Amino acid sequence: MRINQYIAAAGITSRRKADEMIGEGRVRVNGQVLENPGYHVQDGDVIEVDGNKITPAQKKVYYLLNKPTGYVTSTADKEGRPVVTELVPDSTRVFPVGRLDYNTSGLLILTNDGELSNKLMHPSGEFPKKYLVRAAGIVTLAEAKMLEKGVDIGGFVTSPAEVHLIKHDRNSTLAEITIHEGKNRQVRRMFKAVGHPVLELCRTGLGNLTIGKLAIGQCRKLSPAEIDYLKRV
Ligand code: URA
1 MRINQYIAAA GITSRRKADE MIGEGRVRVN GQVLENPGYH VQDGDVIEVD GNKITPAQKK
61 VYYLLNKPTG YVTSTADKEG RPVVTELVPD STRVFPVGRL DYNTSGLLIL TNDGELSNKL
121 MHPSGEFPKK YLVRAAGIVT LAEAKMLEKG VDIGGFVTSP AEVHLIKHDR NSTLAEITIH
181 EGKNRQVRRM FKAVGHPVLE LCRTGLGNLT IGKLAIGQCR KLSPAEIDYL KRV
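Counted from 1, the sequence shown has number 147 at position 147 by this note's numbering; the numbering is strictly sequential.
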């Protein structure tokens, strides 16, 4: 990016005024007064205007990823396992909002908008989260009702949830659960509490956002209406 554009993107002044500032010797690159107004900023350059370091405001980006299992919800992993940010085809650094377990798949938002991320993760404004669950054994209606009412998951009783039993075979039950809070490994702990460990878990919805037909491992940009919805609710 050309230096005058960089200075304008940082919200200091217009491109034209930035050129004037360069002419006045008020802009330094890596400690040296810049003489060339056509300079292109390189990765790692330290730019100062009137002695103050500047960084251009980054364009905000918002993605919805269909996370595969076998990915860590993080930007880096000490053990070298794959991380979800590898699946976002954007040179802008993004970070995941909230967390899905290594073995959970489904809807995950990634953004560089710290303000929205804090809002979404704040316990007071929990968006309903919908999960498709395959649980071991046959979950009875009575057990589904217990899950809906609230179960003790180890020092914490979950708040009301909605459970829909979809079908079962001899060994497992397919169910949908919507929760309104986000404790660590909550859905797994809830099903375990009623005697049916989770075999497979996929988040399919967050508020009115859904995973839809997005293929596993693929991501898409959120639409302006979706971004607006997340900011507004
Ligand atoms: N609940 C869980 O148990 N795991 C997840 O990844 C998300 C919700």
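Note that the Cβ used here is the ideal one computed from N, Cα and C, for glycine as well. Note that this is a predicted model, so its numbers are computed, not measured.
Supposed contact pair residue 111 and residue 71 - C-beta distance, whole angstroms, cut 8 Å: Working through the sequence shown from its first residue, we reach residue 71 at position 71. Working through the sequence shown from its first residue, we reach residue 111 at position 111. The pair is not a contact, with the Cβ atoms about 17 Å apart (cut-off 8 Å).
Unbroken stretches of the alpha helix (DSSP H), 4 residues or longer, contained in the region 64-149: 114-121, 141-149
Residue 175: first and last residue of the uninterrupted alpha helix (DSSP H) it sits in: Along the sequence shown, read from residue 1 onward, the residue named residue 175 stands at position 175. Segment 172-179 is the beta strand (DSSP E) holding residue 175; no alpha helix (DSSP H) there.
Opposing strand residues paired with residue 152 [DSSP bridges]: If you number the sequence shown from 1, residue 152 lands on position 152. Per DSSP, 157.
Outcome for residue 66 when other beta-carbon atoms lying within 10 angstroms are tallied against a minimum of 16: Position 66 of the sequence shown, counted from the first residue, corresponds to residue 66. Buried, by the Cβ-count rule.
Outcome for residue 129 when other beta-carbon atoms lying within 10 angstroms are tallied against a minimum of 16: Indexing the sequence shown from 1 puts residue 129 at position 129. It is buried - the Cβ of residue 129 has at least 16 other Cβ atoms within 10 Å.
Check: residue 139 C-beta below 7 Å from any heavy atom of ligand 1: Taking the first residue of the sequence shown as 1, we reach residue 139 at position 139. Exclusion of residue 139 from the 7 Å shell around ligand 1 follows from its C-beta lying no nearer than that to any non-hydrogen atom of the ligand.
Nearest-angstrom Cα separation, counted from residue 85 out to residue 74: Reading the sequence shown from its first residue, position 74 is the one you call residue 74. Reading the sequence shown from its first residue, position 85 is the one you call residue 85. Whole-angstrom Cα-Cα distance: 7 Å.
Pairwise C-alpha distance: residue 139 and residue 190: Translated into the one-based positions of the sequence shown, residue 190 becomes position 190. Translated into the one-based positions of the sequence shown, residue 139 becomes position 139. If I take the Cα positions, the gap works out to 12 Å.
Helix, strand or coil at residue 214 according to DSSP, with G and I counted as helix: For the purposes of this step, residue 214 is taken as residue 214 along the sequence shown, with counting starting at 1. If DSSP states are grouped into helix, strand and coil, residue 214 belongs with coil.
Inter-residue spacing [alpha-carbon to alpha-carbon] between residue 23 and residue 16: Walking along the sequence shown from the start, residue 23 turns up at place 23. Walking along the sequence shown from the start, residue 16 turns up at place 16. Distance between the alpha carbons of residue 23 and residue 16 is about 11 Å.
Through-space distance from residue 39 to residue 95, alpha-carbon basis: As a first step, residue 95 must be located in the sequence shown, where it is residue number 95. As a first step, residue 39 must be located in the sequence shown, where it is residue number 39. So the two alpha carbons sit approximately 31 Å from each other.
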